[in-house]
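Novice:
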Amino acid sequence: MAWLTHRPIGLTHSESGSDGGYTLFSSVRGHHASIIDPQGQIVHQWHHPEGIQHVKLLANGHLLIQTLPPADAAGREKIGGSAGAMIELDAEGNTVWEHRDITQHHDYVRLDNGNTLYLAWELMPQAICAQVRGGHHHDDDPELMWGDVVREIDEAGELLHEWRSWEHLDFNEEVICPLESHKEWTHANSLEVMPNGDWLISLRLTSTVILVDAGSGDIKWRWGGSQTHNEHDLKRWGPAELSHQHNAQRLANGNILVFDNGCHRKRGPSYSRIVEINPETYEFVWSYSNPTVLAFYSFMVSGCQRLANGNTLITEGASGRLFEVTVDHQVVWEYISPWTIPSPFGPSPAVFRSYRIKADDPRLAGYALSAANYESLNTAIAAGVLQTEPDYHEPETQPTL
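Here the working numbering is used: position 368 in the sequence shown is 376, and no number is missing along the way.
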């Protein structure tokens, strides 16, 4: 979405056909998370002094947040999407669980058994780094590159399992976009656990979505990447049709839904879209884009969620725009985040991801959701007053989110 001199904020559009319910979101690099009602009124907030980068509402009603990385932590990774800790907050904002790992980033999943999976970075061996293809080399490239890892910990924070991506990926298939740096290989940005326990992972720098066998660690399915479109590649992995995507997820019908950011497309202008494909045939089942390409584009972060009535909630992350579309592409609800946070790109309204929650969702049972509790804030937003937060300094962060 283009940046306007006088930018509207809060609820900007609502009509019949919306799935309704509450919406949960947080600002990238902010210190708060919010629940808004269908009218765009804030009805609940959490705050944390370490920052709130990404949030998920757990089955027990608690909020599992990913904090900002500590700027002075020795050995911390300074790539976009970095975090410092996962902290579980109750409805009042009290900490009930936490796990600290300065190499964690982007996404995490609380498992039914109480364990937690999360993405992390680890420096890869020199012999592995030498085989990585693609990327734009610079004189200041580090000697070792960062690779993606999936870690599983128990409730006590003990490491139970670790999957290293470079032990299973193919160097000839996972080729870094030539316009991206050579500081890391794949840049995973979403992690989802499938019904059978396997992992669906989005790899941004190679424009690939992979399905990992949680037992063996092998790659069972792959979509996107730099394959050459020959008959063998098409049959094995499907066409190379993604461009720096986010938030890959399995739908109830078995299809895969992805926010395809669309930066660095090989032909034509950059534009974003939502795509749903059949993983067996690689056929597009549904997609959403705007015929005016500048009207829908996010070069970073972003997400999507298929709702109960068939609509799709879309997080156009870079601009902080949350909107809901019907199957036939009609926008029936739209909200613009009122917060601007200092960032390497200037004041930013960015939202990593948002989630729609039904009003009768049992996870909300312990919450007293009320716009009256935030009357002054809601009044200011309705009047178009932008909300700001103190600067957060994260040195050497690059825009790979």
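We put the beta carbon where it would ideally sit given N, CA and C, even for glycine. No experiment lies behind these values; they were computed from the predicted model shown.
Suppose you measure from the CA of residue 215 to the CA of residue 383; what does that come to, to the nearest Å?
Specialist: As a position in the sequence shown, residue 215 is number 207, starting the count at 1. As a position in the sequence shown, residue 383 is number 375, starting the count at 1. Residue 215 and residue 383: Cα-Cα distance of roughly 43 angstroms.
Novice: What number of angstroms, rounded off, separates the C-alpha of residue 236 from the C-alpha of residue 95?
Specialist: The residue you call residue 236 lines up with position 228 of the sequence shown. The residue you call residue 95 lines up with position 87 of the sequence shown. For residue 236, the predicted model reports a pLDDT of 44, less than 50, meaning its position is unreliable and no value from the coordinates is stated.
Novice: Which full runs of the beta strand (DSSP E) of 3+ residues lie inside the stretch 276-315, going along the chain?
Specialist: Here the runs fully enclosed are 281-285, 292-296, 311-314.
Novice: Is it buried or exposed for residue 175, if we count other Cβ within 10 angstroms and need 16 for buried?
Specialist: The residue given as residue 175 occupies position 167 in the sequence shown. Counting Cβ neighbours within 10 Å, residue 175 comes out exposed, since fewer than 16 surround it.
Novice: Is residue 41 helix, strand or coil when you go by DSSP?
Specialist: Taking the sequence shown and counting its residues from 1, one reaches residue 41 at position 33. In the structure shown, residue 41 sits in a strand (DSSP, three-state: E or B).
Novice: With the cut-off set at 8 angstroms, would you say residue 46 and residue 29 are in Cβ contact?
Specialist: Walking along the sequence shown from the start, residue 46 turns up at place 38. Walking along the sequence shown from the start, residue 29 turns up at place 21. In contact: residue 46 and residue 29 (Cβ atoms closer than 8 angstroms).
Novice: If contact is defined by three or more beta carbon pairs under 8 angstroms, each pair taking one atom from either stretch, is the stretch 339-357 in contact with the stretch 61-71?
Specialist: They do not touch, by the three-pair rule.
Novice: Can you round the beta-carbon distance between residue 269 and residue 310 to whole angstroms, since I take them to be within the 8 angstroms contact cut?
Specialist: As a working note, residue 269 is residue 261 in the sequence shown. As a working note, residue 310 is residue 302 in the sequence shown. About 6 angstroms separates the two Cβ atoms, so the contact holds.
Novice: So within the stretch 182-266, which uninterrupted beta strand (DSSP E) runs reach at least 3 residues, ignoring any that extend past its ends?
Specialist: Runs found: 184-189, 196-201, 207-211, 216-220, 227-232, 254-258.
Novice: List the endpoints of the continuous beta strand (DSSP E) containing residue 22.
Specialist: Numbered from 1 along the sequence shown, position 14 holds the residue referred to as residue 22. Residue 22 -> beta strand (DSSP E) spans 18-22.
Novice: Drop a sphere of 10 angstroms on the beta-carbon of residue 147, count the other beta-carbons inside from all chains shown, and report buried for 16 or more, exposed for fewer.
Specialist: Here residue 147 refers to the residue found at position 139 of the sequence shown. Residue 147 should be labelled exposed.
Novice: Go ahead and pull the three-state DSSP assignment for residue 383.
Specialist: Taking the sequence shown and counting its residues from 1, the one referred to as residue 383 is at position 375. Helix.
Novice: Please report the Cβ distance between residue 87 and residue 75, rounded to the nearest whole angstrom; I am assuming they are in contact, meaning their Cβ atoms lie under 8 angstroms.
Specialist: The residue given as residue 87 occupies position 79 in the sequence shown. The residue given as residue 75 occupies position 67 in the sequence shown. That belief does not hold up - the Cβ atoms of residue 87 and residue 75 are roughly 16 angstroms apart, past 8 angstroms.
Novice: Could you give the uninterrupted runs of the beta strand (DSSP E) lying entirely in the stretch 111-155, keeping only those of 3 residues or more?
Specialist: The qualifying runs are 112-118, 124-131, 142-144.
Novice: Where does the unbroken beta strand (DSSP E) through residue 57 begin, and where does it stop?
Specialist: As a first step, residue 57 must be located in the sequence shown, where it is residue number 49. It spans 50-60 - the beta strand (DSSP E) in which residue 57 sits, taken as one unbroken run.
Novice: Look up residue 389 in the DSSP assignment and say whether it is helix, strand or coil.
Specialist: Residue 389 sits at position 381 when you count from the first residue of the sequence shown. Three-state DSSP puts residue 389 in a helix.
Novice: Pull up the CB-CB distance for residue 40 and residue 53, whole angstroms please, since I reckon it's below 8 angstroms.
Specialist: Taking the first residue of the sequence shown as 1, we reach residue 40 at position 32. Taking the first residue of the sequence shown as 1, we reach residue 53 at position 45. Indeed they touch by this definition, with Cβ atoms about 5 angstroms apart.
Novice: Where residue 133 and residue 36 are concerned, what is the direct C-alpha to C-alpha distance, given to the nearest angstrom?
Specialist: Taking the sequence shown and counting its residues from 1, one reaches residue 133 at position 125. Taking the sequence shown and counting its residues from 1, one reaches residue 36 at position 28. About 31 angstroms.
Novice: For residue 74, report the span of its beta strand (DSSP E) as first-last.
Specialist: On the sequence shown, position 66 is the one that residue 74 refers to. Counting along the chain, the beta strand (DSSP E) containing residue 74 begins and ends at 71-74.
Novice: For the stretch 108-120 against the stretch 193-204, are there 3 or more C-beta pairs whose distance is under 8 angstroms?
Specialist: The stretch 108-120 vs the stretch 193-204: in contact.
Novice: Between 259, 222, 294, which lies nearest to residue 336 when the distance is taken from Cα to Cα?
Specialist: Reading the sequence shown from its first residue, position 328 is the one you call residue 336. Out of 259, 222, 294, 294 has the C-alpha closest to the C-alpha of residue 336.
Novice: For residue 15, which three-state DSSP category applies?
Specialist: As a working note, residue 15 is residue 7 in the sequence shown. Reduced to three states, the DSSP call for residue 15 is coil.
Novice: Under the rule that 16 or more other beta-carbon atoms within 10 Å means buried, what is residue 27, buried or exposed?
Specialist: By 1-based counting over the sequence shown, the position of residue 27 is 19. Under this definition residue 27 is a buried residue.
Novice: Which whole-angstrom value is the C-beta distance of residue 224 and residue 217, which I expect to be below 8 angstroms?
Specialist: In the sequence shown, the residue the question calls residue 224 occupies position 216. In the sequence shown, the residue the question calls residue 217 occupies position 209. Not a contact, Cβ separation roughly 19 angstroms.
Novice: Buried or exposed: residue 266, going by 16 or more other Cβ atoms within 10 Å of its Cβ?
Specialist: As a position in the sequence shown, residue 266 is number 258, starting the count at 1. Per the 10 Å Cβ criterion, buried.
Novice: Go ahead and pull the three-state DSSP assignment for residue 175.
Specialist: As a position in the sequence shown, residue 175 is number 167, starting the count at 1. Reduced to three states, the DSSP call for residue 175 is helix.
Novice: Going by DSSP, name the residue or residues bridged to residue 395.
Specialist: If you number the sequence shown from 1, residue 395 lands on position 387. Its beta-bridge partners are 347.
Novice: Spell out a yes or no on whether the stretch 122-138 and the stretch 151-161 are touching, meaning 3 or more CB-CB pairs, one atom from each, closer than 8 angstroms.
Specialist: Yes: at least three Cβ pairs fall under 8 angstroms.
Novice: How many Å lie between residue 73 and residue 139 at the Cα?
Specialist: By 1-based counting over the sequence shown, the position of residue 73 is 65. By 1-based counting over the sequence shown, the position of residue 139 is 131. Roughly 35 angstroms separates the two Cα atoms.
Novice: Going by Cα to Cα distance, which pick from 312, 349, 348, 42 is closest to residue 334?
Specialist: To locate residue 334, count along the sequence shown from 1; it is residue 326. If we check each option's Cα against that of residue 334, 312 comes out closest.
Novice: Short of 6 angstroms in beta carbon distance, which residues of its chain neighbour residue 341, apart from the five on each side in sequence? Order them along the chain.
Specialist: Position 333 of the sequence shown holds residue 341. Result list for residue 341: 22, 26, 332, in chain order.
Novice: Using alpha carbons as the reference points, say which of 31, 346, 253, 204 lies closest to residue 15.
Specialist: As a position in the sequence shown, residue 15 is number 7, starting the count at 1. When each option's Cα is compared against that of residue 15, the closest is 346.
Novice: Taking residue 202 as the reference, which of 259, 32, 43, 143 has the closest Cα?
Specialist: In the sequence shown, counting from the first residue as 1, residue 202 sits at position 194. Of 259, 32, 43, 143, the residue nearest in Cα terms is 259.
Novice: Quick check on DSSP: helix, strand or coil for residue 372?
Specialist: Within the sequence shown, numbered from 1, the residue matching residue 372 stands at position 364. The answer is helix: DSSP assigns residue 372 an H, G or I state.
Novice: How many Å lie between residue 281 and residue 20 at the Cα?
Specialist: Taking the sequence shown and counting its residues from 1, the one referred to as residue 281 is at position 273. Taking the sequence shown and counting its residues from 1, the one referred to as residue 20 is at position 12. So the alpha carbons of these two residues sit roughly 21 angstroms apart.
Novice: Determine which residues share a DSSP beta bridge with residue 329 and list them.
Specialist: Here residue 329 refers to the residue found at position 321 of the sequence shown. Per DSSP, 324, 344.
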